[in-house]
Each structure stands twice: as structure tokens, then as C-alpha cells.
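Everything on this sheet refers to the single structure shown next.
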Amino acid sequence: MKNNGISVIMPTYRHGAFISGAITSLLNQAFQDWELIIIIDGSTDATREVVEHYLHDHRIRYLYSTDNEGLGAAINKGLEQASYTYISYLPSDDLYFKDHLQSLWNLALANPDDAFFCSGAKHNYKDDHTGSSGQKSFGAFIDIGYQLVQVMHKKTAHRWLERNELVTDSLHDMFWNKLLDGATPKFTMEITTEWVSHPGQRHKIISERWGGGINLYKQFYQVNQKIRFKSAFGGLIDETTEYLDLEELPVVSRDLPLKILLVGELSYNAERVLAFEEKGHQLYGLWMDEPSFYNAVGPLPFGNITDIPKDNWQQAVKELKPDIIYALLNFRAIPFIHQVMRADLGIPLVWHFKEGPFFCRQNGLWNKMIDLFQYADGIIFLNPEIKRWYEQFFHFEVPFSMIVDGDLPHISRFKGKPGRLISEQDGEMHTVVPGRPMGLLPADIQELAKRKIHLHLYGDFYHSVYKSWIDEANALAPGYLHLHPACVPQDWVEELSKYDAGWLHVFDSENNGELMKANWLDFNFAARMSTLGAAGLPMIQRDNTGHICASQAFTSKNGFGIFYQSYDDLAAQLGNKAEMNRMRQEIWHKREVLSFNHYVDDVLYFFRKVIESKKHVFKS
């Protein structure tokens, strides 16, 4: 090992347009006793060709992997090759300023017994009509800690966490915590790097806060394996255990199998499509790009779905010859679904649309949405209310349609035995929100507390998003707001059945029964409806009698709802133990209407009807 220099580790993936700047910033360093080890981690762009332009400098070399193995594995390869005592990092989309390595080197010489050194960094560069500048950080970044481009440390036997252990955007969990255990970081207090801000940064790909998540991560990095995934602001997703009970589902059907091509995204409760496989049908996937955390796309960690590559997808679909295209589900998928429909592949297309027309209107997708309604061969609407609303905007007839919520889970999520009510143990009422406390204010929590009604809030991501809300609610109603990590689907029944009731979205309708005045809250079925139903919980909503309100109509029809006009009214209903027990028993016996399996035969019948209709069109 050499003692008089710095080994610079540069992991890179799909940064062919950035990497020249990063390498040039290293070449321009005042401190020149360095080596650069580039790890090209399965890049599908021109990164390798760009790097080879710089190999005339003997200090630069690279390692190449045909498949992306993840940040941790890439850095660990670099560490194994490092020659010098000190390690620095230069991600291929970041930049060093001229004195960066020299300032860290000087700091290390002045503190020979220390091992962790950090520079300041410019970040969040923004160029708009108000100006052109970035922010500055002289140490760890708020919420997300030290970034690679800032840090130099002594070479160590410690290694970075790899993808087969956990995917996370927390570099502290991946490595820094090992180095900082018992150590004191030293700071140059100089801005000598830029942590370059752009949409493709790894932490933005991973974090739900930035619009990323497991779906985007797996698509962007072409990950085909099951992973454990936890962003700094989200809950743990463990694909290795979450779908174990779905691995050996029996096939129970005598119908001729269909080739069903799923196009777009599956949103919440994506495992519901296994109900098609249980009926003997073969599923294929052709997925939208850049999914958000709520847009489930392939490769999926369950079932036997064969993904169609996006390169030359039209030819691949023609060769596959699916019986039907099942296009779904939310507004972000519309541009790609519209593209598939306009490709005129001669394959019947059923469009299942949930959320939502108002998003389409504000995001410039209204025209494509109307096109899909007009030219798809069959439409699946969310509920009767939204169907009637859409028809106000149609100058055409929809020949085939049916009603099914697109977010319904697989029936396997309804397994388990109900737990003991917390209210039976402490004599107070306990309610639950699995997700956002939509429509509830901190002052509402105070009013609930006055009536001995607790609120239990599940979901790590929403705990971070609603931090100030939570702080205010705790101040107003100490002891009545309880935070829990996200409840995984296989635990819905056992965990959530402990509560007296669960909250749907809370809102006051203002449409007075006039369809044109209704808004999305009036039409939406919150995805949590099935979550609460699986656990047999009555569903709390504002009483919007006299207005068009789809969730109230559905839960009232099925006996699932608690509709309140005031908090005294709500407390009285929750306190009626006999009626609450009766309602929970009724929901328990009828809850399968909130599973996709309850409707799968109807959906398949609808598919076959659309397929036959398309055949007649071709014959005519």
C-alpha cells in the first residue's frame, strides 16, 4: 500500500454525458498524487467509450461489469483495487473544485490519528428567473447525511452494504456508520465540491420523497432479483418475504387460457393479477417508464409474468400475439397506453382507469384520456358515479364497459385471525389510519382526544411527510396520536383488527347532488378501503348525505360505513359496543367484495366478450 496519495473511487452507471466533467475536475486538481479507479457498473450508454478517451493518463483505470450490481458492490470492487492509504469518492455526475483533494490532504496531515474527513459542498443548484445559484453545506446534509463527493477516509477493512443485503439511500447505513463508530469527523470548512443536482441522482431514484421508490429503482437499474428496500423516509419493503404465501397458488380453471398483455402499471396491491394465473391464463408485461412509488411495474417479485423488452416492443407484441391488452391504471401511464393504442396492433384493448380525470386535466393529458375512452375496445370504470361523470364529456358511445376498482388486493391478503381490541384493554376508543391522515387536522386530533378517541397512524413515509402535523397534534393531544411503521399486507388482518374502526379520506362534499360540481374526492375509492375491509373494520367518513359521494354509497350499501356529522356523533357511534360488534361481524362475512378475486371471473368474461366483438369487426 502506498502512503503518499489518494485513491479516488468513481462508481458510474448511465452517466456517459456527465463523466467527462467529473474526470476533468480530477485532472485539474492542485493535488496530483492520486489514482482514479472507475467502476462501470453495467452502463447501457456510451460511458465505456467516453472513459477510454482518458486512459492515456496512467493514473486512470477502469473495471467493467456487464450487469448492474449496485452502488455498494461497485465501490467495494474499487476499494479492493485501491493502492493508497486514503480513499476519496467522485461519483461520475459530481464535480471537484481545484483545491478539493489538497484541502482534505492537508486536513489529514494535521490530524494523523483521525480517519474521516469532510469538505463542504455546493448543492441544489437552481437556475430560474429569480437567479442562478446553489446552496452550501459545510458538513452532513440535513436528513441525508454525508455525501460521497465530500468524504475522504483512511483505507479500512470495512465494506459497503450491497444490494443482496439491503437497498437504501442512506450512505450512513451503507458505510459511514461503520467508519464513524468511535471516530470524530474532521471538516475543511471549505466549499470544494459540487454535489450535482439532477433528476437521475441515486437518492432521488430511491426516495419516495423525490418521486422515486422501489419501482423506479428496479426499472432504472434493471434489477430482476427480489430485494429488501428501505429509503431514508420510507418503510422496509422485503420482497423476499412479502410474497411467500403467493408462490404456490393452485390453478383452478377449465377455460381455454388467454394470453393477457398487461400494459402500463399496476399501482397498489399489484399481486391481484395472480388471480388471472390461478385461472390458468398467461400474463405478460409491457410497462411505462419512470414509475413513481405507487406505480408497480415489472419485473414483479411474484408470479410468472414475462416482461416484454421496450426495445422494439411493437414487433415483440406482434410476435407474441396476445389475446387481449389489459391497459391500466393511473394517469402517469396514459401517454404510453395511448402510444400502444395508436400503434394499431390489431389486438383488443381494455382500458381500466382509476386515478384520475382531474390529474389528467391539470397535467395536459385530457385529450389522450378522452381518446382512450373513445377508441379502446372495452372500458373498466372505478364505480357507477365516475362513469356517469365521464359520460358528460363523451360525444360517443362506449360499447363495452364494466365496474371494478383497480386497486383491489388478492384474496390471500385477507388471511389471518382478528386480534383483540385495544379498547377492551384500556376502555378508550382506538381508530387507525393506514397511510395519509387525509382531511384530518391537528385540531381534529385534539377534538378526538377530548372524547377519548385515539388515532393510530401507520406508514414511515407519511411520518416524515407529516412531521410538523404530527408535532402539532402531539402538542394539542398528548398521548392520543400513536405512530407505527407501515403494516405489510400479510399482517393486515392480525394487526389492524385491533382497532375499533379505520378512517377513509375525510372531506365535506359540496356538489349538492349535481354531477358536474363533483370533484375527485367525491368519486375516489381510497386504496385503504380494502386494507381496512380485510381486517373487518368499519370505515369512518364524514356524512355526505344529499351529495354524490361514491365511497359513502358503496360502504353504505354494504354496511361498512360509519358516517358522522360531528365528533360527538362519532363518539356516540363508536361507543355503541353492540352495534360496533354487529358491524364488524357483518364486514368480516362480506369483506371479500373488496378483493380482486371476487370479480376476476366477471373480468375474464368481459375480456372474452371484447375479444369476440373484435373478431366480428375484423370479419365485417
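Residues 1 to 620 (the UniProt record's numbering) make up the sequence shown, in order.
A virtual CB, placed ideally from N, CA and C, is assigned to each residue, including glycine.
Just so it is clear, the structure is predicted and the values come from calculations on it, not from any experiment.
Hey, residue i and residue j are a contact pair by Cβ (cut 8 Å); roughly how many whole angstroms apart?
i           : j    : result
F276        : D405 : So it is not a contact: roughly 16 Å between Cβ atoms.
S92         : M10  : 6 Å
T531        : W588 : Contact doesn't hold; Cβ gap of about 15 Å is too wide.
residue 624 : M438 : Shown here, the chain extends from 1 to 620; a query on residue 624 therefore has no answer.
A183        : D114 : 7 Å
L256        : G285 : The pair is not a contact, with the Cβ atoms about 21 Å apart (cut-off 8 Å).
W422        : Y499 : Trp is not the amino acid found at residue 422; the sequence shown has Ile there. About 7 Å; that satisfies the 8 Å criterion.
S595        : P409 : 6 Å
G78         : W34  : With 8 Å as the limit, G78 and W34 do not qualify as a contact, their Cβ atoms being about 13 Å apart.
G536        : P384 : 25 Å between Cβ atoms; not a contact.
N377        : S25  : A small correction: the amino acid at residue 377 is Asp; Asn does not occupy that position in the sequence shown. Rounded, the Cβ-Cβ distance is 55 Å, inconsistent with contact.
residue 625 : I40  : As displayed, the chain neither begins before 1 nor continues past 620, which places residue 625 out of reach and without an answer.
L171        : F116 : The Cβ separation is near 12 Å, so there is no contact.
S137        : K126 : Actually they do not touch by this definition, with Cβ atoms about 15 Å apart.
W160        : I75  : 5 Å
A571        : I453 : 6 Å
G213        : S292 : 6 Å
Taking the DSSP output, what are the residues bridged to residue i?
i    : result
A327 : V263 and W351
R217 : The identity of residue 217 in the sequence shown is Tyr, whereas the question assumes Arg. The partner list for Y217 (beta bridge, DSSP) is empty, contrary to what the question assumes.
R361 : Partner(s): none; R361 has no beta bridge.
F381 : I403
Y284 : L261 and T306
A501 : T431
H153 : I87 and F116
G145 : F141
N481 : In the sequence under discussion, the amino acid at residue 481 is Leu, which differs from the Asn named in the question. Answer by DSSP bridge pairing, in chain order: L455.
K2   : Y84
V252 : Answer by DSSP bridge pairing: none, since V252 is not bridged.
V167 : F229
Is it right to say residue i is buried, meaning 16 or more other beta carbons lie within 10 angstroms of its own, or is it exposed?
i           : result
F606        : buried
K321        : exposed
V251        : exposed
D289        : exposed
G264        : buried
F461        : buried
R528        : buried
N68         : buried
I142        : exposed
T12         : buried
G16         : buried
K318        : exposed
L95         : buried
C549        : buried
P348        : buried
M516        : exposed
P478        : exposed
residue 625 : Shown here, the chain extends from 1 to 620; a query on residue 625 therefore has no answer.
H58         : exposed
H198        : exposed
N124        : exposed
S620        : Confidence is the limiting factor: at S620 the pLDDT is only 49, short of 50, which leaves the residue's position unreliable, though a coordinate-based value still follows. Label assigned to S620: exposed.
T156        : exposed
E271        : buried
L71         : buried
T193        : buried
G131        : exposed
Q219        : buried
L496        : buried
Taking CB distances under 8 Å as the criterion, tell me whether residue i reaches chain D.
i    : result
L329 : Within the model displayed, chain D is absent; a lone protein chain is all it includes.
- prompt: Which runs of the alpha helix (DSSP H), 4 residues or longer, sit entirely within the stretch 393–477?
  reply: Taking only runs of at least 4 residues, the alpha helix (DSSP H) segments lying wholly in the stretch 393–477 are 423–426, 442–450, 460–465 and 467–476.
query: Pairing CB atoms from the stretch 186–199 with CB atoms from the stretch 221–229, are three or more of them under 8 Å?
result: Touching, no.
query: Between the stretch 422–433 and the stretch 455–470, do at least 3 Cβ pairs fall closer than 8 Å?
result: By the criterion of at least three beta-carbon pairs nearer than 8 Å, the stretch 422–433 is in contact with the stretch 455–470.
Sequence ranges, beta strand (DSSP E) only - wholly within the stretch 520–571, length at least 3: Fully enclosed beta strand (DSSP E) runs of 3 or longer: 539–542 and 561–564.
task: May I have a chain-ordered list of the beta strand (DSSP E) segments no shorter than 3 residues that lie completely inside the UniProt domain "Glycosyltransferase 2-like" (7–136)?
output: For the UniProt domain "Glycosyltransferase 2-like" (7–136), whole beta strand (DSSP E) runs of length 3 or above, ordered along the chain, are 34–41, 60–65, 84–89 and 116–128.
Residue ranges of each alpha helix (DSSP H) within the stretch 173–241, 4 or longer: Runs of the alpha helix (DSSP H) inside the stretch 173–241: 177–180, 202–206 and 214–220.
Segment contact flag, the stretch 337–357 with the stretch 571–587, C-beta cutoff 8 Å, min 3 pairs: No, they do not touch.
- prompt: Quick check: the stretch 163–174 against the stretch 227–236, are there 3 or more CB pairs under 8 Å?
  reply: Yes, since at least three Cβ pairs between the stretch 163–174 and the stretch 227–236 fall closer than 8 Å, the two stretches touch.
query: Are there three or more Cβ pairs, one per stretch, closer than 8 Å when the stretch 438–453 is compared with the stretch 290–300?
result: Contact fails: fewer than three Cβ-Cβ distances are below 8 Å.
message: Does the structure place the stretch 326–333 close enough to the stretch 303–317 that three or more beta carbon pairs sit under 8 Å?
response: The stretch 303–317 is not in contact with the stretch 326–333.
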